[in-house]
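Visitor: Here you go, one structure.
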Amino acid sequence: MLLRIAQLFQPDELTRIRTALEAAQWLDGRMTAGHQSARAKANLQLAEDDPLAREIAEAMLDRLWKHPQFMSAALPHKVFPPLFNCYAGGGSFGYHIDNAVRQVRGSAERVRTDLSATLFFSEPEDYDGGELIIQDTYGVQQVKFGAGDLVLYPSTSLHKVQPVTRGARLASFFWIQSLVREDAQRTLLYEMDQAIQQLTRDVPDHPSLVQLTGTYHNLLRRWVEV
Ligand code: NI
Numbered sequence: 050m051l052l053r054i055a056q057l058f059q060p061d062e063l064t065r066i067r068t069a070l071e072a073a074q075w076l077d078g079r080m081t082a083g084h085q086s087a088r089a090k091a092n093l094q095l096a097e098d099d100p101l102a103r104e105i106a107e108a109m110l111d112r113l114w115k116h117p118q119f120m121s122a123a124l125p126h127k128v129f130p131p132l133f134n135c136y137a138g139g140g141s142f143g144y145h146i147d148n149a150v151r152q153v154r155g156s157a158e159r160v161r162t163d164l165s166a167t168l169f170f171s172e173p174e175d176y177d178g179g180e181l182i183i184q185d186t187y188g189v190q191q192v193k194f195g196a197g198d199l200v201l202y203p204s205t206s207l208h209k210v211q212p213v214t215r216g217a218r219l220a221s222f223f224w225i226q227s228l229v230r231e232d233a234q235r236t237l238l239y240e241m242d243q244a245i246q247q248l249t250r251d252v253p254d255h256p257s258l259v260q261l262t263g264t265y266h267n268l269l270r271r272w273v274e275v
C-alpha cells in the first residue's frame with residue numbers, strides 16, 4: 050500500500066525548515082548507501098549527527114506519532130532516525146531496493162525496514178524532475194507531493210528518484226519497522242481501522258462496533274511482533 054500523509058507541517062514552518070536546510074552543511078549522499086546502490090546515487094545528505102537534522106527529525110517524529118492515519122497505516126515499532134537529502138544540478142538515484150536492515154549509528158539498535166517514508170520540504174513548482182518513481186503491486190506510481198506531505202510505501206518496492214534539472218528538492222527519508230511485518234496484513238488492518246473510525250463517527254451507538262473493534266484487535270494480536 051502506498052499512502053499520502055498530508056500537511057505534517059504548516060507553510061510558515063516549512064519556510065523556516067527550508068531556510069535552515071539551505072544554509073546547512075551538505076555532504077556526498079553515497080556515505081549511507083550500500084556498496085551497490087552507491088553507484089546509482091548522486092545527491093547530497095546531512096550527516097546523521099548533524100544538530101539541524103536531529104532537531105527537524107525530532108519534530109517530524111513527534112508529529113507522526115500523534116497522527117492517527119500514520120499510526121493506523123504504519124503500526125510503528127521502531128524507526129530509523131530520519132535522514133535529509135538534497136537533489137539538484139541533475140542529481141538522481143537510480144532504481145534500487147533499500148537495505149533490509151539498518152544499524153542505528155552509535156548504537157546496537159537495528160531496524161528491519163518494513164516501510165520507507167519520504168517527507169517533501171520543497172514545493173513541486175520550485176524544481177523540475179525529482180519524482181519518486183515506485184513500482185507498486187498495482188503498477189508504477191509517480192510521487193511528487195506538496196511541501197509538508199509524506200509518502201509511505203513498502204520497503205520491498207523497487208524505486209528511484211528522477212534527475213532534478215532545475216532548482217533543488219529538499220526532503221527527509223527514513224525507515225520504519227512495523228509491528229506487523231507483512232504489507233498485505235498491515236493493509237487489511239488499516240482498511241478495517243479506517244472503516245471502524247468512519248462507523249464510530251456515523252453510528253456511534255451501533256452495538257456491532259464493539260465486536261468489530263474487538264475483531265480488529267484479535268487480528269492484530271495474531272499478526273503483531275514485539
Ligand atoms: Ni531508496
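Quick note on our numbering: the sequence shown kicks off at 50 and runs consecutively.
Quick reminder that beta carbons are idealized off the backbone N, C-alpha and C, glycines included.
Keep in mind it's a predicted model, so treat the numbers as computed, not measured.
(1) Assuming contact is defined by CB atoms lying nearer than 8 Å, are His208 and Ile182 in contact in what I supplied?
(2) Thinking just about the alpha-carbon of each residue, which of Val192, Tyr265, Gly78 and Gln184 is nearest to the one in Ala244?
(3) Find out if the Cβ-Cβ distance for the pair Val200, Leu70 is shorter than 8 Å.
(4) Leaving out five residues before and five after Asp177 in sequence, what residues of the same chain have Cβ atoms less than 8 Å from its Cβ?
(5) Would you check if the distance between the CB atom of Leu101 and the CB atom of Gly78 is smaller than 8 Å?
(6) Have a look at the DSSP bridge pairing and note the partners of Val210.
(7) What's the call for Thr81, buried or exposed, on a 16-neighbour Cβ count within 10 Å?
(8) From which residue to which residue does the alpha helix (DSSP H) around Val259 run?
(9) Once the 5 residues before and after Val128 are set aside, which same chain residues still bring their CB inside 8 Å of it?
(10) Go through its chain and collect everything with a Cβ distance to Ser86's Cβ below 7 Å, but skip five positions before and after it.
(11) How would you call Ala55, buried or exposed, if buried means at least 16 neighbouring beta carbons within 10 angstroms?
(12) Measuring from each Cβ to the nearest heavy atom of the ligand NI, keep the ones under 6 Å and list them in chain order.
(13) Go ahead and pull the three-state DSSP assignment for Gly216.
(14) Starting from Pro125, trace the beta strand (DSSP E) in both directions and tell me its first and last residue.
(15) So, for Trp75: in the same chain, excluding its five sequence neighbours on each side, which residues have a beta-carbon less than 8 Å away from its beta-carbon?
(16) Here's the rule I'm using: 16 or more other beta-carbon atoms within 10 Å means buried, otherwise exposed. How should Arg53 be labelled?
(17) According to the Cβ coordinates, are Glu274 and Arg230 closer than 8 Å?
(18) Are the Cβ atoms of Phe133 and Ser221 separated by less than 8 Å?
(19) Starting from Thr167 and walking both ways along the beta strand (DSSP E), at which residues does that stretch end?
(20) Am I right that Ala149 and Pro131 are in contact with their C-beta atoms under 8 Å? What's the rounded C-beta distance?
(21) Restricting to Cα atoms, I'd like to know which of Leu113, Ala89, Ala122 and Ser165 is closest to Gly197.
(22) Taking its Cβ as the centre, do 16 or more other Cβ atoms sit within 10 Å of Pro203, making it buried, or is it exposed?
(23) When you compare each of Ser156, Gly140, Asp185 and Gln152 to Val210 by their alpha carbons, which one comes out closest?
Guide: Let me spell this out:
(1) yes
(2) Tyr265
(3) no
(4) Val213, Thr214, Arg215 and Gly216
(5) no
(6) Phe142 and Leu181
(7) buried
(8) Ser257 to Trp272
(9) Leu110, Val160, Phe223, Trp224, Ile225 and Gln226
(10) His145
(11) exposed
(12) His145, Asp147 and His208
(13) strand
(14) Pro125 to Val128
(15) Leu93, Gln94, Leu95 and Cys135
(16) exposed
(17) yes
(18) yes
(19) Leu164 to Phe169
(20) Rounded, the Cβ-Cβ distance is 19 Å, inconsistent with contact.
(21) Leu113
(22) buried
(23) Gly140
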